[in-house]
Structure formats: structure tokens, C-alpha cells
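Just remember that our numbering sits 38 ahead of the position in the sequence shown, which is counted from 1. Glycine included, each C-beta is placed from N, C-alpha and C at the ideal position.
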Amino acid sequence: MRAKIVVLPGDGIGPEVTAEALKVLRRVAERYGHHFTFTDVPFGSSAIADGGDPLPAATLEACRRADAILLGAVGGPQWDGLPPDRRPEAGLLRLRRELQLFANLRPVRAFPGLLDASPLRPEVVAGTDLVIVRELAGGLYFGTPRGRSVHDGRRIAVDTLPYAEDEIARVARVAFEAARARRRHVTSVDKANVLHSSQLWREVVTEVARAYPDVTCVHALVDSTAMQLVRRPAAFDVVVTENMFGDILSDEAAGVVGSLGFLPSASLGEGTSLYEPVHGTAPDIAGQGIANPVGAILSAALLLRHALRLEREAAAVEAAVEATLAAGVRTADVAAGQPAVSTAEFGDRVAAAIA
Ligand code: IPM
Ligand code: MN
């Protein structure tokens, strides 16, 4: 297979972890006889340095034309002073919105050899294997009116949480389809005891669920879900929720399995899909070569699976990550006092383990 992959390494540890994901993809191409081309284009802070716009038109166009997009992470304290729509994060949000990447899949698994990385007791975290399907193109992140103003000498800020029924239905269908390939259980998370948007969310998910009689669907409130994720993480299969709740719950789920560095994501829509680790730019450890590349490497596996339909290759990457972790190879974030390997060494080990 031939595939064109646009690479957006971004800021902080983004380039470091992305380099390892590319190493693994190159190894897959070699091993399985594929031809992948990787093109770096300006995005985030690199684009801001060029012309002020975190998502230049040419970058967006290159993304539209690609078979898949691999992204590291964007943002950092240097750009915190910029107006909100000029910050690197704004480029990421516009990219998601422009490509209508409405379904963000965030698989969360407890690796058997790594239960001690979790702050929870091993018997609580053991068996955790869930996927958060986060709505990614709507809700609080994009709703209008939004912004700031001054009224009667007081500073006012507003954000808006709108959802239309079709926006809810399309992401719900992704969740139910995902559940069919898993344990056939969907937890739809909302705040229907308070929010209008959540009441509509619950109504529409209930309607969509009728088309999936083979999948059980339960509704849960977001506050209670936050608690259950810590108490019984292994009880969840597919969790579907709106943009903001999904953002928060996915970091919590990462904490449950031991490190934000472990979580990959796939953002799917109608056009080109985007693959990025769930973690941010980690400015505190950037440039030291100690970041955990597992989230980035597993994002590359998701790229192989969803964008290129190379299931065997995706599974080979996941197996290589598991084997590497099972062999006790760990980056500093999860080394727990044992010797740690660098980001690049971890990537080498995974690449070498690709069957
Ligand atoms: C994520 C990140 C982004 C988000 C930020 C960087 C805008 O936290 O992908 O989870 O909030 O969606
Ligand atoms: Mn987040």
C-alpha cells in the first residue's frame, strides 16, 4: 500500500514522541512492504513563528489531501499571552472543526505488566479496557456566543454549550459500532439533571440505541462517572460523551492506568482522520529525551487500523508495545525507581519487536 501521511510534530515533547511513532511506522512499512511518505508542514508554534497563524491555509489544504495526519502536541507557556485565536491550541481546534473530526476515540488499557504504575490497588485497575468516544467538533469548545466583554465596569466572560440532534446521533453511532466490536456495552455520560444540552443528549442517544438492540446502553451523570472510573474502572466498555466531559474524563482514565503518556487517540470524521496522543506538550520535561512515547506509538497503530485499514499491522504495533513493556522496558514516568530508558531507546525497542 502507498499512503501520504502529514506530520504535525508541534511543541514541547511533541517532536520527541512523534519521532518514535515515525520510527515504528517506517519499520512497519519495511516489514510489510508498504510505501509511506511523511510530510512535515508548519502548524502550531512553528506556523505562528512564520506568519502568526497557527493553522495556515496551506497546512489545512495539505491535511485535507493526505491519507492521515499524525500529530504530536501543541501549546506551551510561551504562547499563553497570545489572543485565544492565535494560540497553538486554537490551530488544533480549528483543524478538528474544519475536518469535521467529530468522534475522538481514546482507548484506555491497563497493561498487565504495569499494574504497579497505577496509583490504585492492582486488583482495582486489573482488567481495565475501555474506550472513551469523545464528541470533538461541537459543544463548549466551539459554541457561540463566546468571548469577553465589559459591562458596567465588570469583566464578563461567556462560553456556550450547544448541540444539535444530528451532532449527537453521529457520535453515538460511532460509539455503538465500536461497542459491537467489543463487549457490547455503552455508557453515555451527561449532566442531564442540570443541562438542557445533556437532556437532548440523553434523548438522542436513547433513540440511536434502538438500532443496536444487541448493545446495552446505560446513562450516567458525569460527576458520578468520575467517581466510578476510580472505583471500578474495569466495569466500563465504551463511554460516549460530549467534548468537555470527554476531555476531563480521559485524563482521569489515564491517571487510573498510570500515565497520561500511555493514551493514544484517533479523531474520525468524513475526511482525513487525525491521530495524536492524549497528553500535552509537557514543557517541564521537553528536550530531555525522557518522555513516554507509548501514546504516540499507539496513535500510529490507530492510524494503521482506521485510516489505512491495516489491521494486521496495527495489531503488530500494539503487540510490540505490550511485549516491550512486559520485558520491563520503561520510561521515567512509570519506572517507579527502576532504571529507565530514554524516549528514543523505547522507540528502538518497540521497532525491533515488530513481528
Ligand atoms: C486534548 C487537549 C486539547 C483539548 C487542548 C490542547 C486544546 O487537552 O486533546 O485533550 O482540550 O481538546
Ligand atoms: Mn485534554
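Residue(s) in a DSSP beta bridge with residue i
i	result
Cys255	Val224
Ser5	Summary: the structure shown does not reach residue 5, with the chain confined to residues 39 through 393, and so no result is reported for it.
Thr279	Arg172 and Val227
Arg147	Asp167
Ala292	None; Ala292 has no bridge partner.
His73	Arg40
Ala111	Gly48
Candidates the options, of which the one nearest residue i by Cα
i	options	result
Leu199	Thr182, Ala304 and Arg186	Thr182
Pro80	Val45, Leu63 and Gly52	Val45
Pro5	Phe76, Arg64 and Tyr70	Because the chain spans 39 through 393 in this model, residue 5 falls outside it and cannot be assessed.
Lys229	Phe140, Ala104, Gly284 and Ala57	Gly284
Gly110	Val367, Ala338 and Leu342	Ala338
Glu136	Leu93, Asp190 and Pro157	Leu93
Gly114	Ile323, Asp105, Pro150 and Val62	Ile323
Ala216	Asn231, Asp197 and Thr254	Thr254
Leu341	Leu60, Ile328 and Ile51	Leu60
Thr97	Leu346, Asp105, Ala85 and Gly90	Ala85
Ala314	Ser262, Tyr201, Arg40 and Ala57	Note that residue 314 corresponds to Glu in the displayed sequence, not to Ala. Selected option, being the one with the closest Cα: Ala57.
Leu287	Ser297, Asp275 and Thr263	Thr263
Val227	Ala345, His257, Asp167 and Asp91	His257
Val171	Val242, Leu143 and Leu306	Leu143
Tyr201	Gly90, Ala273 and Leu174	Leu174
Gly293	Arg102, Val372, Leu120 and Arg40	Val372
Phe140	Ser311, Glu351 and Thr381	Ser311
Arg222	Ile392, Ser235 and Pro251	Pro251
Leu298	His72, Glu54, Ala95 and Ser156	Ser156
Arg233	Thr244, Val260 and Thr225	The sequence as given places Leu at residue 233; Arg does not occur at that position. Leu233 has its Cα closest to that of Val260, out of Thr244, Val260 and Thr225.
Leu158	Val388, Pro302, His317 and Val295	Val295
Thr225	Ser235, Asn231, Ala219 and Phe214	Phe214
Enclosing alpha helix (DSSP H) for residue i [first to last residue]
i	result
Thr244	His234 to Ala247
Thr62	The sequence shown places Val at residue 62, rather than the Thr named in the question. Residues Gly52 to Tyr70.
Gly89	Ser83 to Gly89
Leu46	It is not in any alpha helix (DSSP H) - Leu46 instead sits in the beta strand (DSSP E) that spans Arg40 to Gly48.
Phe274	Note, Phe274: premise wrong, no alpha helix (DSSP H); not H, not E.
Ile335	Val332 to Leu340
Gln266	Val260 to Arg269
Continuous beta strand (DSSP E) stretch holding residue i: start and end
i	result
Thr198	Arg192 to Thr198
Ser187	Gly181 to His189
Ile392	No beta strand (DSSP E) contains Ile392, which DSSP labels as neither H nor E.
Asp371	Looking at the DSSP string, Asp371 is not in any beta strand (DSSP E), and its letter there is neither H nor E.
Collapsed DSSP secondary structure at residue i in the structure displayed
i	result
Ile170	strand
Ile323	coil
Ser305	strand
Phe140	coil
Ala365	coil
Asp78	strand
Ala202	coil
His317	coil
Asp123	helix
Leu348	coil
Pro160	helix
Leu287	helix
Asp386	helix
Ala217	helix
Ala329	coil
Val379	coil
Asp118	coil
Leu93	coil
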